[in-house]
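Residue numbers (this note's numbering): 3 to 427. We put the beta carbon where it would ideally sit given N, CA and C, even for glycine.
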């Protein structure tokens with residue numbers, strides 16, 4: 003009985019082997035009689051890939067994609083670990099995700115690397131394929147293998163080519179960063195944002211993505227630093243200029259003009275970065291408050307100025323201009339504001355400021371001098387409260403000024419947006 007046990011085990015093993023053999027796949031067709039030894043191997047000058055497809059064309063197509071991805075990964079590992087570790091401050095813990103992200107970037111930028119566009123089967127060192135029948139699933143498949151040349155010299159050339167692309171992108175970012183504080187063309191802001199959108203999509207590392215996002219946010223904040231400054235007024239016309247963070251600025255955007263007093267209004271360039279608002283006041287009543295609202299829409303920001311006029315020709319207007327200088331100490335604000343007074347004389351009755359940080363309303367209590375002659379002048383004022391730096395980093399302050407005509411007592415009000423300089427003691 004003991005002798006029968008080994009024989010039984012041997013027969014069971016033979017049955018299992020036969021069953022396993024029956025489940026094995028069978029090669030029914032091949033490109034050559036012998037399977038090459040290079041399949042599944044690689045060396046310093048070659049690498050091999052194998053892909054499976056339902057058709058020969060599908061399998062070979064997958065092979066070409068794998069070859070391309072292999073080369074991209076090889077470049078990505080070198081660049082992300084060697085170049086980016088040193089120059090982009092990527093930590094070792096980030097290398098795995100960085101390489102993966104960088105591979106995606108490389109695939110996107112592959113059109114600029116001629117070698118990656120020249121990957122074809124005609125450049126392959128060797129090709130081998132098999133048509134295989136699966137006894138288990140009763141289906142056929144193709145296994146396609148390619149041995150592709152990839153010498154070290156080619157690897158280095160690809161790395162250098164992509165680093166050149168990357169350096170150009172970094173230089174583009176640096177240029178946009180320098181331009182932020184000097185831009186005078188308001189229309190250039192959106193163009194810069196569009197360029198930064200492209201850089202954000204391109205940069206693979208969190209450090210540079212964060213830098214781009216911050217710069218993009220600062221560019222958009224410039225829209226809120228635009229103001230309208232009245233230069234001069236005369237019956238039927240008003241000359242004004244645009245200011246961007248205190249600098250003279252221009253735009254091709256046409257403003258929206260709104261008035262209940264006049265019908266014909268137009269704005270056109272007037273030279274030296276100024277604009278001429280012309281209007282026909284013949285239907286305006288001297289007993290009404292006649293005004294024209296000039297409104298620009300820039301990137302979601304509303305920039306407006308209200309122009310008051312008197313069709314009788316004795317209109318009075320007061321327009322803040324220049325830089326508002328503010329000194330604050332112990333909850334007291336002291337400011338100096340430059341004004342342009344149109345008309346023979348005007349009374350400044352109220353100045354309201356809005357804290358850039360939270361929008362809190364601050365009303366001036368003392369304004370000196372309260373009466374002003376026509377022309378350029380300035381007033382000083384005091385108020386209780388505090389001014390905080392803007393959260394978006396743009397040093398502009400919004401407010402309103404109330405004034406009147408001492409001849410007839412008529413009161414008016416104008417909104418303003420001014421660049422300001424804050425001193426805290």
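- In terms of Cα proximity to residue 161, the closest of 142, 233, 75, 144 is 75.
- The distance from the Cβ of residue 397 to that of residue 247 is about 7 Å, consistent with a contact at the 8 Å cut-off.
- In this structure, the alpha-carbon of residue 26 lies about 19 Å from that of residue 35.
- Rounded to whole angstroms, the Cβ separation of residue 28 and residue 134 is 7 Å, and the two are in contact under 8 Å.
- Closest by C-alpha distance to residue 276, out of 231, 308, 125, 287, is 231.
- Residue 281 and residue 240 have their C-alpha atoms roughly 9 Å apart.
- In the three-state DSSP reduction, residue 209 falls in the helix class (H, G or I).
- Selection 341, 379, 271, 175 evaluated against residue 419 yields 341 as nearest (Cα-Cα).
- In the DSSP assignment, residue 39 falls outside any alpha helix (DSSP H) and carries neither an H nor an E.
- Annotated three-state conformation of residue 255 is coil, per DSSP.
- Residue 145 places its beta carbon 8 Å or farther from that of residue 67.
- Straight-line measurement puts the Cα of residue 50 at about 6 Å from the Cα of residue 43.
- In this structure, the alpha-carbon of residue 221 lies about 39 Å from that of residue 72.
- Counting the other Cβ atoms within 10 Å of the Cβ of residue 401 gives 16 or more, which makes it buried.
- Residue 357 is positioned such that its CB atom lies no closer than 8 Å to that of residue 331.
- Judged by their CB atoms, residue 344 and residue 376 are nearer to each other than the 8 Å cut-off.
- Straight across, the Cα-Cα distance linking residue 288 with residue 360 is about 39 Å.
- For residue 348, the enclosing beta strand (DSSP E) starts and ends at 334-356.
- The beta carbon of residue 386 sits closer than 8 Å to those of 333, 334, 335, 364, 367, all from its chain and outside the five residues before and after it, given in chain order.
- Three or more beta-carbon pairs separated by less than 8 Å link the region 168-181 to the region 196-205, which places the two stretches in contact.
- In this model, residue 250 and residue 274 are separated by some 9 Å (Cα to Cα).
- Between residue 255 and residue 189, the C-beta gap is smaller than 8 Å, which places the two residues in contact.
- Excluding its 5 nearest sequence neighbours in each direction, residue 154 has C-beta neighbours in its own chain below 8 Å: 46, 47, listed in chain order.
- In the three-state DSSP reduction, residue 290 falls in the coil class, being neither helix nor strand.
- Closest by C-alpha distance to residue 243, out of 219, 307, 193, is 307.
- Looking at the DSSP output, residue 241 sits in a beta bridge with 234, 278.
- For residue 324, there is no enclosing alpha helix (DSSP H); the enclosing beta strand (DSSP E) covers residues 319-331.
- Around residue 54, the same chain offers 61, 64, 143, 144, 145, 146 as residues with beta carbons nearer than 8 Å, after the five sequence neighbours per side are excluded.
- If you draw a straight line from the Cα of residue 268 to the Cα of residue 233, it is about 17 Å long.
- Residue pairing of residue 426 in beta bridges, as defined by DSSP: 330.
- Considering only 349, 383, 77, 129, the residue with the shortest C-alpha distance to residue 157 is 77.
- The straight-line gap separating the alpha-carbon atoms of residue 372 and residue 309 is approximately 21 Å.
- Excluding its 5 nearest sequence neighbours in each direction, residue 58 has C-beta neighbours in its own chain below 6 Å: 144, listed in chain order.
- Within the model, the alpha-carbon separation for residue 303 versus residue 410 is close to 36 Å.
- Per DSSP, the unbroken alpha helix (DSSP H) holding residue 164 starts and ends at 154-181.
- For residue 406, same chain residues with a beta-carbon under 8 Å away, outside a window of 5 residues either side, are 318, 348, 349, 351, 412, 413, 414 in chain order.
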